Amino acid sequence: MRTGFVELRGSALLKAPLRIEGEYQRPRDGTLVREVRVPYAETTTIRAGEVQIARAGKSPRTFSLSRAPELGGLQASFGALLSGDRALLEQHYRIAVDGTRARWVMTLTPKQPGLAAQLRSVVLRGRGAELRCIDTQPIKGDLQRTLLAGAARAAAGVSDASALQALCHGNGNGVAAR
Amino acid sequence: MTARRRLVLALAWLALLLLAGWLVGQRLDLSGDLRKFMPSAQTPAQRLLIDELGEGPGSRLLLVALSGDDAETLASQSAALRERLAAQSRFSTVANGGDDGLDAIAERLRPYRYLLSPTLDSQRLDAAFLADELAARVQDLGSPMASLVEPLLPSDPTLETLKLAESWQPSNAPQRLHGVWFDRAGREALLVLETRAAGFDPTGQQGAIDAIHSAFAAVRGDSPARLTLSGPGAFSVEIGSRTAREAGWIGTLDSLIFVLLLWLAYRSWKAPLLGALPLASGGLAGLGAVVLGFDGVHGITVAFGFTLIGVAQDYPIHLFSHQRAGLSPWASARALWPTLGTGVVATGIAYLTFLVSGVEGLEQLAVFTIVGLGTAALATRFVLPGLIDTGFSDGPHRRPRDQRPPQELMLSADEVADQILQVIRAPDNTWVKELFVYPAHL
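Chains as they are written, first to last, in the numbering used here: chain A, 1 to 178; chain B, 1 to 442.
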């Protein structure tokens, strides 16, 4: 199970948001691999609460998943979403669903105080069975946006923030996708 | 002097003792520092050892275990407990294994990140190295590490702080469940605390332990979780409170028995009062001398010292027992004095050796005992006789045998002692006389 992604990382330390492209993979249950291909190569493996980041020519770095709340949200929701495990999702988040089947929005708000202290919400947007966009809003810092599947494909070559937002929200994707 | 006046004087003496007791109590700085009973340090290494025993991190460490609920609940209690305790100035460290990122590195160490880290020992901080590092940081910002790394970057672009944090990770730390330390079986959440108060500072440790208990009570809610505390501070508080409790009731019981015994033996309610005055004076004088002469009085000095000067209780009893009808108490005291004085001086000489031991606790004990016994003896010799009524006693009360009511089967303590004395003193019991060398005037 794999899907392409385009991610925009904003930071006060960067002149412009960093645009990263790559692929998410789920080689087996409980494991999530995030493979960055552009602009550099990097493989992140999330398994059993640990995050391992491997880069070419460097020894891999490992740290606890609890240190990267936005990723924790992604892992729990991604896995649960893909396997349709609503009970697992509800263990960690309050779930609010809005929209239609063709254009839905699911808002996850963390239940555990530890996660809630770091993460305000995760907003997932999709169309039918396709998860197209994840907006992660940490308590401190900028919104982090990940486009997936069709939206990621549509985002190829697009760098304008408002165009990417439109892709995320499901507007104007027809032009690029087809 | 009338009996009434003597009583007034005795009560005045008692009042004076109470006042002196209050004064000494004001200046009394009771300590539980066992180092006072160790030889004084000679070399720098010994000084370090003695210092560390009381003030070092080892003595200020408190270990906490939470148990009795499921691991997830315990973990959240552990986190909440740490949050509450870390906010208090009593504790310099509160650790539960929780991942608090770089907050775990002491603020005062952070300015020295480049000095502490080995990176620049072998690597020049030149343009090529810095460019390489900055490129890696851009990748970090695009990676899941971003939120971890971002706050560091402005002051630490080569991430020396992280390298330090990694190298300081203990190699055999307790296992982590739900983000906090647990024991091997996963049943107890573990915390380590370091108090600011020294290990042997009973008040400071008591305060810290009370703070832990009240924080836990607030954190626990209605969960069945239990708190277990260990560490030198916890031990000393436990020992202190248990000793105080036991000393309290044993002391009360002792005093009651003492009063009862004197009252029974001399059939006079004045006997317990007069009998207690020299000992109380001796104890207070000894304590006062230690308070004046030393910096803080050790609890052991007080407890053990009072046991040692307990023999002074015999002095007034000797005096009472030498009272005979028509004999002046002053004459009895004079007759008693050579033996009493010799005994006190001999004891004093024995304790003088403590003074040169170089151990402060023993020196305190010596001062306490010598001053205490001396005061009690002098009070018995020069003050007490003035307070005894001439017809006060005819020795321990002796009831003629033929007047004993037949139904009275129980013997009082003094009567038992009396029987023994009569056996020993019986003229035909010469072998007993030879067996017990019994001073004629006692």
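Think of the CB as a built atom: it goes at the ideal place given N, C-alpha and C, for glycine as much as any other residue.
Computed from a predicted structure; not experimentally measured.
For residue 301/B and residue 368/B, believed in contact at Cβ under 8 angstroms, the rounded distance: As a first step, residue 368/B must be located in the second sequence, where it is residue number 368. As a first step, residue 301/B must be located in the second sequence, where it is residue number 301. With 8 angstroms as the limit, residue 368/B and residue 301/B qualify as a contact, their Cβ atoms being about 6 angstroms apart.
Contacts around residue 95/B, its chain only, beta-carbon distance under 6 angstroms, and the 5 residues preceding and following it disregarded: Reading the second sequence from its first residue, position 95 is the one you call residue 95/B. Answer for residue 95/B: 192, listed in chain order.
Check the Cβ of residue 94/B against every Cβ in chain A and list those closer than 7 angstroms, keeping chain order. Stepping through the second sequence from its first residue, residue 94/B is reached at position 94. Within chain A, no residue comes near residue 94/B; the closest Cβ sits about 17 angstroms away, beyond 7 angstroms.
Please go through the stretch 265 to 349 of chain B and give each complete alpha helix (DSSP H) segment of 4 or more residues, from N-terminal end onward. 270 to 293, 299 to 308 and 314 to 321
Taking the straight line between their C-alpha atoms, what separation do you get for residue 123/A and residue 110/B? For the purposes of this step, residue 123/A is taken as residue 123 along the first sequence, with counting starting at 1. For the purposes of this step, residue 110/B is taken as residue 110 along the second sequence, with counting starting at 1. Answer to the nearest angstrom: the Cα atoms are 37 angstroms apart.
In its own chain, which residues sit with a C-beta less than 6 angstroms from the C-beta of residue 18/A, not counting the 5 before and 5 after it? Within the first sequence, numbered from 1, the residue matching residue 18/A stands at position 18. For residue 18/A, where only same-chain residues beyond five positions count, the Cβ hits under 6 angstroms are 9.
The stretch 222 to 239 of chain B / the stretch 193 to 206 of chain B touching (three or more Cβ pairs under 8 angstroms): yes
Ignore the nearest five residues each way along the sequence and tell me which others in residue 54/B's own chain have a CB closer than 7 angstroms to its CB. Indexing the second sequence from 1 puts residue 54/B at position 54. For residue 54/B, where only same-chain residues beyond five positions count, the Cβ hits under 7 angstroms are 33, 35, 198, 199 and 200.
Can you grab the Cα-Cα spacing for the pair residue 81/B / residue 355/B, in whole Å? Taking the second sequence and counting its residues from 1, one reaches residue 81/B at position 81. Taking the second sequence and counting its residues from 1, one reaches residue 355/B at position 355. Each residue's Cα considered, the two are about 48 angstroms apart.
Report yes or no: is there a C-beta of chain B within less than 8 angstroms of the C-beta of residue 86/A? For this step, residue 86/A is matched to residue 86 along the first sequence. Taking Cβ atoms only, chain B never reaches closer than 8 angstroms to residue 86/A, which makes this a no.
Reduced DSSP category for residue 130/A - H, G, I as helix; E, B as strand; rest coil: The count along the first sequence starts at 1 and reaches residue 130/A at position 130. Strand, per DSSP.
Report the neighbours of residue 42/A on chain B: residues whose CB is nearer than 7 angstroms to its CB, in chain order. As a position in the first sequence, residue 42/A is number 42, starting the count at 1. Those within 7 angstroms of residue 42/A in chain B are 139 and 143.
Any idea what DSSP makes of residue 257/B, helix, strand or coil? Your numbering for residue 257/B matches position 257 in the second sequence. It is helical.
Taking the CB atoms as reference points, tell me whether residue 55/A and residue 24/A lie closer together than 8 angstroms. Counting from one through the first sequence, the residue named residue 55/A turns up at place 55. Counting from one through the first sequence, the residue named residue 24/A turns up at place 24. It is not a contact, given that the beta carbons lie outside the stated cut-off.
Please name the residues in the stretch 124 to 158 of chain A whose beta-carbon is closer than 9 angstroms to at least one beta-carbon of chain B, in chain order. 138, 140, 141 and 144
Assigned exposure category for residue 410/B - 16 Cβ within 10 Å defines buried: For the purposes of this step, residue 410/B is taken as the residue at position 410 of the second sequence. Note on residue 410/B: pLDDT 48, under 50, position unreliable in the model; the coordinate value appears next. When all chains shown are included, residue 410/B counts as exposed.
List, in order along the chain, the chain A residues whose C-beta lies closer than 9 angstroms to that of residue 66/B? As a first step, residue 66/B is located in the second sequence; it is residue number 66 there, counting from the start. Correct list: empty, because the minimum Cβ distance to chain A is about 17 angstroms.
Test: residue 238/B CB closer than 8 angstroms to a CB of chain A: The sequence position of residue 238/B within the second sequence is 238, counting from 1. With 8 angstroms as the cut-off, residue 238/B does not count as an interface residue toward chain A.
Pick from 147/A, 116/A and 152/A: whose alpha carbon is nearest that of residue 138/A? Within the first sequence, the letter at position 138 stands for residue 138/A. The shortest C-alpha separation from residue 138/A is found at 116/A.
Could you tell me the distance, in whole angstroms, from the CA atom of residue 452/B to the CA atom of residue 177/B? For residue 452/B there is no data in the structure shown, the boundaries of chain B being 1 and 442.
By Cβ distance below 8 angstroms, which residues in the same chain neighbour residue 408/B in space, the five residues on each side in sequence not counted? Counting from one through the second sequence, the residue named residue 408/B turns up at place 408. Bear in mind that the predicted position of residue 408/B carries a pLDDT of just 43, short of 50, making it too unreliable to give a figure here.
Proximal chain D residues relative to residue 120/A, where beta-carbon distance stays under 9 angstroms: Judged by its chain identifiers, the structure shown contains no chain D, and its protein chains are A and B.
Could you compute how far the alpha carbon of residue 35/A sits from the alpha carbon of residue 225/B? The sequence position of residue 35/A within the first sequence is 35, counting from 1. The sequence position of residue 225/B within the second sequence is 225, counting from 1. Taking the straight line joining both Cα atoms gives about 44 angstroms.
Just the chain B side, please: which residues come within less than 8 angstroms of residue 9/A by C-beta, in chain order? For this step, residue 9/A is matched to residue 9 along the first sequence. In chain order: 141, 142 and 146.
Name the chain A residues that come within less than 7 angstroms of residue 83/B, Cβ to Cβ? Sequence index remark: in the second sequence, residue 83/B carries index 83 (1-based). Ordered by position in chain A, no residue passes the 7 angstroms Cβ test against residue 83/B, which lies about 10 angstroms from the chain.
Sequence-distant residues of its chain with Cβ nearer than 7 angstroms to residue 187/A (five each side left out): Examination of residue 187/A is not possible in this model, given that chain A is present from 1 through 178 alone.
Is any beta-carbon of chain B found at less than 8 angstroms from that of residue 55/A? For the purposes of this step, residue 55/A is taken as residue 55 along the first sequence, with counting starting at 1. With 8 angstroms as the cut-off, residue 55/A counts as an interface residue toward chain B.
Report the three-state DSSP secondary structure of residue 203/B (helix, strand or coil). Residue mapping note: residue 203/B aligns to position 203 of the second sequence, counting from 1. Three-state result, residue 203/B: helix.
Please confirm if residue 62/B has its CB atom under 8 angstroms from at least one CB of chain A. On the second sequence, position 62 is the one that residue 62/B refers to. So, not an interface residue.
Establish whether the CB of residue 95/A and some CB of chain B are separated by less than 8 angstroms. As a first step, residue 95/A must be located in the first sequence, where it is residue number 95. Answer no: the Cβ-Cβ gap between residue 95/A and chain B never drops below 8 angstroms.
Between 65/B, 352/B and 303/B, which has its C-alpha nearest residue 444/B's C-alpha? Within the shown structure, residues of chain B are numbered from 1 to 442, placing residue 444/B beyond reach of any answer.
In three-state terms, what does DSSP make of residue 242/B? Position 242 of the second sequence, counted from the first residue, corresponds to residue 242/B. Residue 242/B: helix per DSSP, three-state reduction.
Backbone CA spacing between residue 88/A and residue 98/B [nearest angstrom]: For the purposes of this step, residue 88/A is identified with residue 88 of the first sequence, where counting begins at 1. For the purposes of this step, residue 98/B is identified with residue 98 of the second sequence, where counting begins at 1. Computed Cα separation, rounded: 24 angstroms.
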